[in-house]
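Heads up, the sequence shown is in the working numbering, so the first residue is -15 and it goes up one at a time. Using N, Cα and C, we set each Cβ at its ideal position, and we do this for glycine too. Bear in mind the structure is a predicted one, so any value in this text is a computation, not a measurement.
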Amino acid sequence: MRTGTETDRPVEELKKINKVFGTEFLGISFRGKKDMCLLALEKMSDANYDEVSYFCSKNKKRCPYYINLQNERFTDVKTMLYSEVLRQSAERRICPYFYQRELASLANLVSVSYNYILDEKVSWSLRSIFDYSESYLVVDEAHNLQFSFTNINSNHITTGSIKRALSELSFFKKTEQVKNFLVKLEEKMWEELGKKIEKEVKIEDFCSSKNSDVLDEIKLPGENLRSERLSKDERPHSSLYHIYSFFKISLELSKEKGVTHFLSKEKNELKLERVDMRASEALKEKWKMFRGCFSCLVL
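Written as structure tokens, this is what we have:
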């Protein structure tokens, strides 16, 4: 496990080992759908991971690259860097992401970014390929782990997000309840911060479990807008859906020790942020999943 930009290096070293010692260990550097979805790269080059993942879920069954992959036979496999998997897939017109999953199931070494261990939204994809309890985890640059965990599992909305969400509502009817909630949310953010630059806040002061009906009302047009934009080959982004997702997860974690919310001012906007600082406890549980764990630190 390495930082995202460094995942090729262990595979490069494995290639040298195979060449020097005449061994045939199989290794790959594993990347996410944002880097490995050819169809999304053709249609939405600026999409983020969540948007590409959503794009894939809606298009997989009719994706020509995924369909072609089903007819492939994996007889001539070799150690490959991410760029080699991508290039070979493009030449054969098969899906690079699901091709690398097939390779990973055969590999002796799979090099991944921190996300594939620390982020539950994507870690399931590795667990579905091979058994962690029979695998050894080697963490390179382990001094970055706590920062990476917090960065991956934190999120925020801004007053700009609210303004964009209000603009999105103009495409829909019967949205007064949602509009009132968003307007009051922005007013509450300005009122709560006052003249301060930053302060710790309780998420329930902005959206409580009593607002579950409103959150559902926010989610529905957000999902519809994502789907409509996707049908036009546009980024399936929606500020409405982002606000729904932010509050849903924040409320679920509101009682968790180590999860804190902050309200701050940045230029002309306010930011309501969820900061997840549960790294120490969370990492202990992660390590238990593997047969063995080894860490490399920069001193």
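{"Item": "Measure from the alpha carbon of aspartate 115 to the alpha carbon of each residue in Ala126, Asp103, Ala88 and Ser132, then state which is nearest.", "Value": "Ala88"}
{"Item": "Thinking C-alpha only, which one of Ser154, Glu201 and Glu184 is nearest glutamate 165?", "Value": "Per the sequence shown, the amino acid found at residue 165 is phenylalanine instead of glutamate. Comparing Cα-Cα distances from phenylalanine 165 to each of Ser154, Glu201 and Glu184, the minimum goes to Glu201."}
{"Item": "Who are the Cβ neighbours of serine 119 in its own chain at under 8 Å, not counting the five residues just before and after it?", "Value": "Phe274 and Arg275"}
{"Item": "Would you check if the distance between the CB atom of threonine 143 and the CB atom of glutamate 170 is smaller than 8 Å?", "Value": "yes"}
{"Item": "Helix, strand or coil for asparagine 291, going by three-state DSSP, please let me know.", "Value": "Nothing about residue 291 can be reported from this structure: the residues present for the chain run from -15 to 283 only."}
{"Item": "What residue from Phe9, Asp260, Asn55 and Asp30 has the CA that sits closest to isoleucine 136's CA?", "Value": "Asp260"}
{"Item": "Lysine 44 and asparagine 32 - do their beta-carbons sit closer together than 8 Å?", "Value": "no"}
{"Item": "When DSSP labels each residue in this structure, what does glutamate 250 get in the three-state scheme?", "Value": "strand"}
{"Item": "Identify which residue in Phe14, Met173, Val4 and Leu90 has its Cα closest to the Cα of leucine 254.", "Value": "Met173"}
{"Item": "Specify the secondary structure class of cysteine 191 as computed by DSSP and reduced to three states.", "Value": "coil"}
{"Item": "Please classify glutamate 184: does DSSP put it in a helix, a strand, or coil?", "Value": "strand"}
{"Item": "Tell me, please, which residues DSSP counts as bridged to aspartate 260.", "Value": "Val243"}
{"Item": "At 3 residues or longer, what runs of the beta strand (DSSP E) sit wholly inside the stretch 85 to 147?", "Value": "93 to 95, 120 to 123 and 139 to 142"}
{"Item": "How would you call aspartate 30, buried or exposed, if buried means at least 16 neighbouring beta carbons within 10 angstroms?", "Value": "exposed"}
{"Item": "Mind checking which residues open and close the alpha helix (DSSP H) that includes phenylalanine 5?", "Value": "-8 to 5"}
{"Item": "Look at the Cβ atom of leucine 129, then the Cβ atom of leucine 267, and state whether they are nearer than 8 Å.", "Value": "yes"}
{"Item": "So leucine 245 and serine 234 are supposed to be a Cβ contact under 8 Å. How far apart are they, rounded?", "Value": "The sequence shown places histidine at residue 245, not leucine. So it is a contact: roughly 7 Å between Cβ atoms."}
{"Item": "In angstroms with no decimal places, state the Cα-to-Cα distance between leucine 65 and glutamate -4.", "Value": "7 Å"}
{"Item": "On the criterion of 16 or more Cβ atoms from any shown chain inside 10 Å, does valine 4 qualify as buried, or is it exposed?", "Value": "exposed"}
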